[in-house]
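Participant:
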Amino acid sequence: MKRFTGLLVSLAAVVVLAVIPLITHKDSSMQSMFTILLGIALASSLNILLGYTGYVSFGHIVYFGIGGYVGFYTMAQLGQSLWIALLAGAAAAAVFSFLLGSAILRLRGAYFALATIGVNEAMKALVSNFDPFGGPIGMTLKVSFYKDYGGFSNIGWMSYRLLIVVTLAVVITSYLVKKSKFGLGLMAIREDEDAAEVMGVRAPSAKTWAYVLSAVFPALVGVLFFFKNSNIEPGDAFRLQLSIEMIVMVMLGGLGTVIGPILGAGAYQALRSTLLTVDKVKDVQLAVAGVLLLLIILFIPTGAIGWVRRRFPRLRRVLE
Amino acid sequence: MSFGELLGASLLDGLLIGFVYGVAAMGLTLIFGVMDVINLAHGPLIAIGMFFLYGLFTHFGMNPYLAIILVAFAGLLVGIIVYFAAVHRVINAPPLSSLLSTFSVNMIIIGVGTALLSTSAYNVDFKLSSLTIGSNITITGTRLMAAVVAIIVTALLYGFLYRTRAGKYIRAVSNNRQAAELMGIPSTRILALAFGIGTMLAMTAGALIATILPINILAGGTYELKSFVIVVLGGLGNPLGALAGGLVLGLIEGLVPVFMEATWVPVIEFGLFVLILLLMPNGLFGKKRGS
Numbered sequence: 001m002k003r004f005t006g007l008l009v010s011l012a013a014v015v016v017l018a019v020i021p022l023i024t025h026k027d028s029s030m031q032s033m034f035t036i037l038l039g040i041a042l043a044s045s046l047n048i049l050l051g052y053t054g055y056v057s058f059g060h061i062v063y064f065g066i067g068g069y070v071g072f073y074t075m076a077q078l079g080q081s082l083w084i085a086l087l088a089g090a091a092a093a094a095v096f097s098f099l100l101g102s103a104i105l106r107l108r109g110a111y112f113a114l115a116t117i118g119v120n121e122a123m124k125a126l127v128s129n130f131d132p133f134g135g136p137i138g139m140t141l142k143v144s145f146y147k148d149y150g151g152f153s154n155i156g157w158m159s160y161r162l163l164i165v166v167t168l169a170v171v172i173t174s175y176l177v178k179k180s181k182f183g184l185g186l187m188a189i190r191e192d193e194d195a196a197e198v199m200g201v202r203a204p205s206a207k208t209w210a211y212v213l214s215a216v217f218p219a220l221v222g223v224l225f226f227f228k229n230s231n232i233e234p235g236d237a238f239r240l241q242l243s244i245e246m247i248v249m250v251m252l253g254g255l256g257t258v259i260g261p262i263l264g265a266g267a268y269q270a271l272r273s274t275l276l277t278v279d280k281v282k283d284v285q286l287a288v289a290g291v292l293l294l295l296i297i298l299f300i301p302t303g304a305i306g307w308v309r310r311r312f313p314r315l316r317r318v319l320e
Numbered sequence: 001m002s003f004g005e006l007l008g009a010s011l012l013d014g015l016l017i018g019f020v021y022g023v024a025a026m027g028l029t030l031i032f033g034v035m036d037v038i039n040l041a042h043g044p045l046i047a048i049g050m051f052f053l054y055g056l057f058t059h060f061g062m063n064p065y066l067a068i069i070l071v072a073f074a075g076l077l078v079g080i081i082v083y084f085a086a087v088h089r090v091i092n093a094p095p096l097s098s099l100l101s102t103f104s105v106n107m108i109i110i111g112v113g114t115a116l117l118s119t120s121a122y123n124v125d126f127k128l129s130s131l132t133i134g135s136n137i138t139i140t141g142t143r144l145m146a147a148v149v150a151i152i153v154t155a156l157l158y159g160f161l162y163r164t165r166a167g168k169y170i171r172a173v174s175n176n177r178q179a180a181e182l183m184g185i186p187s188t189r190i191l192a193l194a195f196g197i198g199t200m201l202a203m204t205a206g207a208l209i210a211t212i213l214p215i216n217i218l219a220g221g222t223y224e225l226k227s228f229v230i231v232v233l234g235g236l237g238n239p240l241g242a243l244a245g246g247l248v249l250g251l252i253e254g255l256v257p258v259f260m261e262a263t264w265v266p267v268i269e270f271g272l273f274v275l276i277l278l279l280m281p282n283g284l285f286g287k288k289r290g291s
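Protein sequences appear in the order of chains A and B.
Residue numbering for the first sequence is 1 to 320, as defined by my numbering.
Residue numbering for the second sequence is 1 to 291, as defined by my numbering.
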């Protein structure tokens, strides 16, 4: 049991947050927790690439978009169920990320970061011109489609429960990767890729699999998000801003830790929604978030968990 | 209007705006070349340039081309402030830190800018007489002037980099910062100056764009993405390559709408961007890999 303390603490953090709306039964608390869980799932999956492997993907939201679009197309145009849509979205993201990853993971540092921005923008522009996906207008799900899922009013709660499952799956995956030999290889790549290869880590394939793994979960989240939204368009699906917010959440909590992105995403989303409700701050909430981010990067670059782990070595066992 | 004339007019328009893109991209590439920082605040800095020119023209009735000189010097100052506030502490940290610190500057500028100016469009109401070539091809005066100013700015930048002591220092720091420090070059001041000049170029480009097109506070983002594409086309860290890359991008923007819908332009731009990064990471005009 002791071996899994780190995992249990992380899972407990998610569960504690996730059950609040299930107890209160309030729509508003479900909506705000949906955003938080969305952040946790996206940040934790990005962390596999960013935190463990050390590759900065600035356009990671592209997989949220691809998953969302393929899943939505499966439901709206092919008339399949949500379950098929989830499978289709994840499969599309996996195939695409495998092919793309094999190519762009050869780039390092800033070049890789720039390439991922390019991929996201290219994909957004392509989808805006792709008529089967509705071009710039996107697609909408009819109200009648939701009949099989307990009607339109039930959709929010159903998506929320599914999102809890996905989020827990991401956290478990993130933990298993970190504790595995595969994860050790990734961290060796992060520290020094050339040295890792000399030590027998097969860097190209390890990086590619880390990339695929970190792409599949955002795709699932994308399918759920747009299923709940009942509408998809290129601007929402490939929003570069959200992509960078994912990085901010990971940094805030602690790069390369399992629990860091959970706390980071929770704190960031909670802060954002608080700022949005305060009267005078509402207009400048982006600027306030910017100032906070700047202070964290300049003064606590390892994030909250990194800082705690350094200051209190005894907690390292608990806070993976 | 014949097809040839249509093509000619469209290409010429694209080429002229390409010079302006080139100036914006030179700012981005100069900063990257000197300190390995990709400035994610580039777009909002371009937007500040746009609105600075708008303010000087609309509220003080200044001639836009005189106002650009003021915008440029304000850019130098803004850049030096941003350098010391956000970049200096992370200059030796892994690339992620400087990406995020410049991005937080981006958020601050956009946040304050949106609160003050909203995201609606503004227009610098300034016209110059236009020029007609042949019977049908007309060039807007402001576009031509923007290209001329862009060429002057490029010439001044090269004069500065190759003919002055400070320019020599910048090139030395860009080549090898440690060696430059050992030679007694005050690297912190030079880095701040380089960031200032990069910002100066961004804001000047913004001011030039404002004389041609309608502006809004988020418009800088588009030009930031274009600058990324251009910088990769021209080779990261190579200012003259950036100007050439700007012209290539301008020509693409002129050429594509003649043959297909204009919405395909970004698909081609960003597709090309990823391909160039993968196949020729040193840019179209750079040396081969490994040499």
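By construction, the Cβ of each residue, glycine as well, lies at the ideal position given by its N, Cα and C atoms.
Quick caveat: nothing in here was measured; it's all calculated off a predicted structure.
Any Cβ of chain A within less than 8 Å of the Cβ of B/P239?
Facilitator: Taking the first residue of the second sequence as position 1, residue 239 of chain B is located at position 239. So no, B/P239 is outside the interface.
Participant: Give the residues from the region 295 to 309 of chain A that approach chain B closer than 8 Å (Cβ to any Cβ), ordered along the chain.
Facilitator: Within the region 295 to 309 of chain A, the qualifying residues are I297, L298 and P301.
Participant: How far does the alpha helix (DSSP H) with B/T109 in it extend, from its first residue to its last?
Facilitator: Counting from one through the second sequence, the residue named residue 109 of chain B turns up at place 109. Per the sequence shown, residue 109 of chain B should be read as Ile rather than Thr. B/I109 -> alpha helix (DSSP H) spans P95 to L117.
Participant: Using three-state DSSP, classify A/N231 as helix, strand or coil.
Facilitator: Taking the first residue of the first sequence as position 1, residue 231 of chain A is located at position 231. In this structure, A/N231 counts as strand in the three-state DSSP scheme.
Participant: Starting from B/I31, follow the beta strand (DSSP E) in both directions and report where the run begins and ends.
Facilitator: The sequence position of residue 31 of chain B within the second sequence is 31, counting from 1. Per DSSP, B/I31 belongs to no beta strand (DSSP E); it is in the alpha helix (DSSP H), F3 to M35.
Participant: Tell me the rounded alpha-carbon separation between B/V112 and B/S104.
Facilitator: In the second sequence, the residue the question calls residue 112 of chain B occupies position 112. In the second sequence, the residue the question calls residue 104 of chain B occupies position 104. Answer to the nearest angstrom: the Cα atoms are 12 Å apart.
Participant: Quick one: using the 10 Å Cβ neighbour count with 16 as the cut-off for buried, is B/M183 buried or exposed?
Facilitator: Along the second sequence, read from residue 1 onward, the residue named residue 183 of chain B stands at position 183. B/M183 is exposed by the Cβ-count criterion.
Participant: Do B/G234 and B/L245 count as a contact pair if the criterion is CB distance below 8 Å?
Facilitator: By 1-based counting over the second sequence, the position of residue 245 of chain B is 245. By 1-based counting over the second sequence, the position of residue 234 of chain B is 234. It should be pointed out that residue 245 of chain B corresponds to Gly in this sequence rather than to Leu. Against a cut-off of 8 Å, the Cβ pair of B/G234 and B/G245 comes out as a contact.
Participant: Can at least three beta-carbon pairs, one atom from the region 36 to 44 of chain A and one from the region 33 to 52 of chain B, be found at a separation below 8 Å?
Facilitator: Verdict: no, contact absent.
Participant: Tell me, please, whether the region 205 to 225 of chain B touches the region 309 to 319 of chain A by the rule of three or more beta-carbon pairs shorter than 8 Å.
Facilitator: Not touching, per the Cβ criterion.
Participant: Specify the secondary structure class of A/A13 as computed by DSSP and reduced to three states.
Facilitator: In the first sequence, the residue the question calls residue 13 of chain A occupies position 13. Helix, per DSSP.
Participant: Taking all protein chains shown into account, do 16 or more other C-beta atoms lie within 10 angstroms of the C-beta of B/A129, making it buried, or fewer, making it exposed?
Facilitator: The residue labelled residue 129 of chain B in the question sits at position 129 within the second sequence. Note that residue 129 of chain B corresponds to Ser in the displayed sequence, not to Ala. So B/S129 ends up on the exposed side.
Participant: Taking only runs of the beta strand (DSSP E) that begin and end inside the region 238 to 289 of chain A, which ones reach a length of at least 3 residues, in chain order?
Facilitator: Runs of the beta strand (DSSP E) inside the region 238 to 289 of chain A: none found.
Participant: For B/Y122, which beta-bridge partners are listed by DSSP?
Facilitator: For this step, residue 122 of chain B is matched to residue 122 along the second sequence. Bridge partners of B/Y122: B/I215.
Participant: Assign A/A12 to buried or exposed, taking buried as 16 or more other Cβ atoms, counted over all protein chains shown, within 10 Å of its Cβ.
Facilitator: Residue numbering aside, residue 12 of chain A sits at position 12 when the first sequence is read from its first letter. It counts as exposed.
Participant: Would A/G65 count as contacting chain B if we go by Cβ distances under 8 Å?
Facilitator: Within the first sequence, the letter at position 65 stands for residue 65 of chain A. No, A/G65 does not count as interfacial toward chain B.
Participant: Which residues of chain A have a Cβ atom closer than 9 Å to the Cβ of B/I110, listed in chain order?
Facilitator: Translated into the one-based positions of the second sequence, residue 110 of chain B becomes position 110. Near B/I110 (Cβ distances below 9 Å), the residues of chain A are L286, A287 and G290.
Participant: Considering only DSSP beta bridges, list what B/I133 is partnered with.
Facilitator: Your numbering for residue 133 of chain B matches position 133 in the second sequence. Answer by DSSP bridge pairing, in chain order: B/I137.
Participant: In its own chain, which residues sit with a C-beta less than 7 Å from the C-beta of B/A210, not counting the 5 before and 5 after it?
Facilitator: Start at 1 with the first residue of the second sequence, and residue 210 of chain B comes out as number 210. So the qualifying residues of the chain are M50, L53, Y54 and V124.
Participant: Nearest CA to the CA of A/P218: which residue from A/G266, A/L8 and A/V62?
Facilitator: Residue mapping note: residue 218 of chain A aligns to position 218 of the first sequence, counting from 1. Among A/G266, A/L8 and A/V62, the Cα nearest to that of A/P218 is on A/V62.
Participant: Which value, in whole angstroms, describes the spacing of the CA atoms of B/F60 and B/S118?
Facilitator: Within the second sequence, residue 60 of chain B is the residue found at index 60, counting from 1. Within the second sequence, residue 118 of chain B is the residue found at index 118, counting from 1. In a straight line, the C-alpha of B/F60 is about 21 Å away from that of B/S118.
Participant: So is B/R289 buried or exposed if we call it buried at 16+ other beta carbons inside 10 Å?
Facilitator: As a first step, residue 289 of chain B is located in the second sequence; it is residue number 289 there, counting from the start. Any reading at B/R289 needs caution, since the residue's pLDDT is 43, under 50, leaving its predicted position unreliable; the model's value is listed next. It counts as exposed.
Participant: How many whole angstroms separate the CB atoms of A/I305 and A/G266, which I take to be in contact at a CB cut-off of 8 Å?
Facilitator: Residue 305 of chain A sits at position 305 when you count from the first residue of the first sequence. Residue 266 of chain A sits at position 266 when you count from the first residue of the first sequence. About 12 Å separates the two Cβ atoms, so there is no contact after all.
Participant: Using C-beta distances below 8 Å, list every residue in its chain close to A/S28, excluding the 5 sequence neighbours before and after it, in chain order.
Facilitator: By one-based count along the first sequence, residue 28 of chain A stands at place 28. Answer for A/S28: no residue qualifies.
Participant: Terminal residues of the continuous alpha helix (DSSP H) containing B/T58?
Facilitator: Along the second sequence, one-based indexing puts residue 58 of chain B at 58. That run of the alpha helix (DSSP H) goes H42 to F60.
Participant: Would you call the CB atoms of B/V20 and B/A146 closer than 8 Å?
Facilitator: Mapped onto the second sequence, residue 20 of chain B falls at position 20. Mapped onto the second sequence, residue 146 of chain B falls at position 146. Going by C-beta atoms, B/V20 is nearer than 8 Å to B/A146.
Participant: With a threshold of 16 other CB atoms inside 10 Å of the CB of A/T24, please say whether the residue is buried or exposed.
Facilitator: Taking the first residue of the first sequence as 1, we reach residue 24 of chain A at position 24. So A/T24 ends up on the exposed side.
Participant: Identify the continuous alpha helix (DSSP H) that holds B/P239 and give its terminal residues.
Facilitator: Counting from one through the second sequence, the residue named residue 239 of chain B turns up at place 239. Where B/P239 is concerned, the enclosing alpha helix (DSSP H) stretches over P239 to F259.
Participant: Could you name the residues of chain B that A/G109 contacts, counting a contact when the two beta carbons are closer than 8 Å?
Facilitator: As a first step, residue 109 of chain A must be located in the first sequence, where it is residue number 109. Those are P95, listed as they occur along chain B.
Participant: Drop a sphere of 10 angstroms on the beta-carbon of A/A195, count the other beta-carbons inside from all chains shown, and report buried for 16 or more, exposed for fewer.
Facilitator: Numbered from 1 along the first sequence, position 195 holds the residue referred to as residue 195 of chain A. Exposed, by the Cβ-count rule.
Participant: Quick check: the Cα distance between A/S273 and A/V248, rounded to an integer number of angstroms?
Facilitator: As a first step, residue 273 of chain A is located in the first sequence; it is residue number 273 there, counting from the start. As a first step, residue 248 of chain A is located in the first sequence; it is residue number 248 there, counting from the start. Going from the Cα of A/S273 to the Cα of A/V248 covers about 16 Å.
Participant: Can you list, in chain order, the residues of the region 57 to 87 of chain B whose Cβ is nearer than 7 Å to any Cβ on chain A?
Facilitator: Those would be A86, in chain order.
Participant: Going by beta-carbon coordinates alone, are A/I48 and A/V171 separated by less than 8 Å?
Facilitator: Along the first sequence, read from residue 1 onward, the residue named residue 48 of chain A stands at position 48. Along the first sequence, read from residue 1 onward, the residue named residue 171 of chain A stands at position 171. Cβ distance not < 8 Å, so A/I48 and A/V171 don't count as in contact.
Participant: May I have the straight-line CA-CA distance separating B/A9 from B/V149, to the nearest angstrom?
Facilitator: Within the second sequence, residue 9 of chain B is the residue found at index 9, counting from 1. Within the second sequence, residue 149 of chain B is the residue found at index 149, counting from 1. Their Cα atoms are separated by approximately 21 Å.
Participant: Looking at A/A215 and A/A93, is the spacing between their C-beta atoms short of 8 Å?
Facilitator: If you number the first sequence from 1, residue 93 of chain A lands on position 93. If you number the first sequence from 1, residue 215 of chain A lands on position 215. Yes, the Cβ-Cβ distance between A/A93 and A/A215 is below 8 Å.
Participant: Who pairs with A/M139 in a beta bridge, going by DSSP?
Facilitator: The sequence position of residue 139 of chain A within the first sequence is 139, counting from 1. The partner list for A/M139 (beta bridge, DSSP) reads A/I232.
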